Amino acid sequence: MDETTITQSPKTAAGAASPLLVMERISKGFLGVQALADVSLELYPGQVTALIGENGAGKSTLVKILTGIYRQDAGEVLLAGEAVAIGTAEEAMRVGITAIHQETVLFDELSVTENIFLGQQLTNRFGLLDWPVMKSRTQEILASLEVDIDPDERLKDLGIAQKHMVAIARALSVEARIVIMDEPTASLSYREVEELYQIIDKLRNDGKAILFISHKFEEIFRIADRFTVLRDGRLAGDGMVEEADPDALITMMVGRKVDQIFPKTVVAQGEVVFSVEGLSHPTEFADISFELRRGEILGFYGLVGAGRTELMQALFGITRPSAGVIRLGGEPVTVRHPADATGLGIVYVPEERAAQGAVLALPIFQNITLPQLSRLSRHGFLDLAREYAVAGETVARLDIRAASLSQPVATLSGGNQQKAVIGKWLATDPKIIILDEPTKGIDIASKAAVHEFTGELVAAGLAVIMVSSDLPEVLGMSDRVVVMREGRLAGTFERGAMDAEGLVRAATGNVAPAEDAA
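Each residue of the sequence shown is one higher than the one before, counting from 768 in our numbering.
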C-alpha cells in the first residue's frame, strides 16, 4: 500500500490512561464452529479504537456480545473495573453501550423524535407520553451535535447523512458511555464523511469510548487512536495507530504481504477497442471523452456525485446520453438498452450487487445463466443440463466457494457473491467489462481474489473499466486513471505519473487538470 494514501490528523483528545471497558479472553462458538477464541479488547474514554479484520474474522460476533445479542461461552466483560453480565440489548443500553450500524435501524414513517425515543418513551405524571419533553430533549441532543434537523420531520424526508445523525442522536439519548460505529461512512459523500468525523471528534472530547469498525485504512488512520486486529476469530494484534505501519496491519489481517493484495499483472496492451467522444447527459455528465485498449485496466476515480456510475450506466444502455459518440473497434455503435450492450460484448457489473447485480434468492447456476437464457433453451424450454454445464465452468473458473451450484447466492460470502455477479457476465464471452466498485463491502482476502481475477481477464485479452473510490485499489490496479469531478473530466493519469495526492487534488478541484494530467 502506498503510504501517501494515509492521511493522519491530530486527535482532539488524549483519552484516559485506564480503559473504560475490557473484554477479557472472550470465546464464542456456534455448532462446532469457533467464532471467537480467547479474544481481548480494551476501550478507553476519549479515544477511538478501530476494530479491523476480514469478513468472518469475528468482529460482528464480538460486537453482538458487547451489545447483549450473544452471550460469550468464556471470558468476562469489565466496565469501569467491575464485571458486568450483558444478557440483552436493554441491559447493554442500561450500562451505557449503544451501537450505530451501517444500515440505520430506523423507521421512515416516524418522526425524528419518535425514532430517537422509540422503546424508551418518556411519560408525564399521569402516565401519558410526554411529547413536549421528548421533543425538547431531541432538540438538545441535535444541538449538541450541531445538527440542524427538525424534530418533527419524518425520517423518509431526510438524506442518508441526516439519518445517520438521527441514529447517533438516538444513541446519545440513553447517556451512552460507549458508542459502537459499524462501517458508518459506507453510504456517505466526501462532505458528509467529514461532518461525521467532526461528530466523532466531539464525542471523543465528551469522553465517550468509541469502537469504530471499518475496512477503509484512510478512515482508520484519520480518526482512530488505537487499533485491534482480529483474524480467524483470534486476536492478531493491537496498539496505537500513530505507531502502526499500514502494510503490517494488512499482514496481521490476512496473513499475507501487501503486494499480494494488489497483484498487478503487466499486460502488453493492444489496439483501441472502445472509445467515447463528447458523451453528455442532460443532468449527470458532460463532454466525456476517453479511449480503452485491449488488455488495459482503465480506472475511474472521483468523489461521490462525480458522475462515474451515471456514465457507466449510459455506456451500458441503462440511461440515454443526449450527445456524443460511442465507438467499438473504431466503428460508431448505438446502445439504447442493455441488450444492445451485451450484444456488442459490453457488460456491466453494478456497484449495488445485492439490489442490481444478483437475484439473491435464486441458486448460483440460475444467476449465472440469466443473461443467456435464450441461448440455453430449445424449443422454448430451458436445457437444465446445459445450464449446469455453463454455470459449473464459470464457478470453477472464478473459484466460487459454494457447497453446490444450487446454493442460493444470498448464502455466499460477499466476495463470492461478487464473483457470481462477475461470472454471470463472463459467461456471455464479453469484450469489455465495466466493474463499478468491484470490491465494495468485501474483506481484504476477497478483494485480493477479485484483483487477481481482474488481472487474468486483461491477460486473456479483455479490456476492463474499473470504477473505484478506493485509492489504493485505483493506484494498485490501473494502467491509467480518469478522474471525474462534478460530471466532467478532471484529468487523465498514466500509471507511472499518478499518486494519491494528485488524484485527490483533481477530484476535489484543488489543482488545474493540466498541472497533473498526463
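By construction, the Cβ of each residue, glycine as well, lies at the ideal position given by its N, Cα and C atoms. Predicted, not measured: the structure shown is a model, and the values here were computed from it.
In the DSSP secondary-structure assignment, Glu843 is bridged to Glu791.
As summarised for the segment 1012-1064, the continuous beta strand (DSSP E) elements at least 3 residues long and confined to that stretch are 1039-1047 and 1055-1060, given in chain order. With fewer than 16 neighbouring CB atoms inside 10 Å of its own CB, Phe874 falls in the exposed class. Collapsing the DSSP output to three states places Pro1197 in coil. Counting only residues of its own chain and dropping the five nearest sequence neighbours on each side, Asp1107 has a CB closer than 6 angstroms to the CB of Gly1084. For Tyr1155, the three-state secondary structure derived from DSSP is helix.
Within the segment 1250-1276, the complete alpha helix (DSSP H) runs of at least 4 residues fall at 1267-1275. In this structure, Met1233 lies away from Met1251, with their beta-carbon atoms at least 8 angstroms apart. Rounded to the nearest whole angstrom, the C-alpha separation of Glu961 and Ile935 is 15 angstroms.
The residue from Ala928, Asp968 and Ala1216 with its alpha-carbon nearest to that of Arg958 is Ala928.
The Cβ atoms of Val862 and Leu922 do not sit closer than 8 angstroms to each other. Distance from the Cα of Ala1015 is smallest, within the candidate group Ala1073, Phe984 and Met901, for Phe984. Around the C-beta of Leu788, 16 or more other C-beta atoms lie within 10 Å, and the residue is accordingly described as buried. Lys1186 places its beta carbon less than 8 angstroms from that of Ile1167. Here Ser878 carries a strand assignment [DSSP, helix/strand/coil]. Judged by DSSP in its simplified three-state form, Leu1242 adopts helix. From the listed residues Val1114, Ala1194, Gln1174 and Ser1235, the smallest Cα separation to Glu1204 is found for Ser1235.
Taking the Cα positions, Lys930 is about 44 angstroms away from Val1157.
The continuous beta strand (DSSP E) containing Arg998 extends over residues Arg993 to Arg998. Taking C-beta atoms under 8 angstroms as the contact rule, Thr816 and Thr995 qualify, at a distance of about 6 angstroms.
In this structure, DSSP gives Arg861 a helical state, which the three-state scheme calls helix. Remark: three or more beta-carbon pairs, one from each stretch, lie closer than 8 angstroms, so the segment 998-1010 and the segment 798-815 are flagged as touching. In the DSSP assignment, Ile908 is bridged to no other residue. Val830: member of the alpha helix (DSSP H) spanning Lys826 to Leu833, first to last residue. Residue environment analysis places Glu876 among the exposed positions, since fewer than 16 neighbouring C-beta atoms fall within 10 angstroms of its C-beta.
CA-to-CA, the gap between Ile1189 and Phe1041 works out to about 20 angstroms. In this chain, the alpha helix (DSSP H) harbouring Arg937 covers Ile927 to Leu939. For the options Ile945, Thr1195 and Gln906, the alpha carbon positioned closest to that of Ala847 is the one of Ile945. For Pro918, the three-state secondary structure derived from DSSP is coil. Rounded to the nearest whole angstrom, the CA to CA distance from Ala1073 to Val1248 is 14 angstroms.
Under the three-state reduction of DSSP output, Gly1110 falls in the helix class. Between Thr1221 and Lys1214, the CB-CB gap reaches or exceeds 8 angstroms. Within the DSSP secondary-structure output, Phe979 pairs in a beta bridge with Ala817 and Met948. Nearest neighbour of Ala1257 by Cα position, chosen from Ala1053, Gln814, Val1116 and Glu1010, turns out to be Ala1053.
With a contact defined as Cβ atoms closer than 8 angstroms, Leu1179 and Ala1169 qualify at about 6 angstroms.
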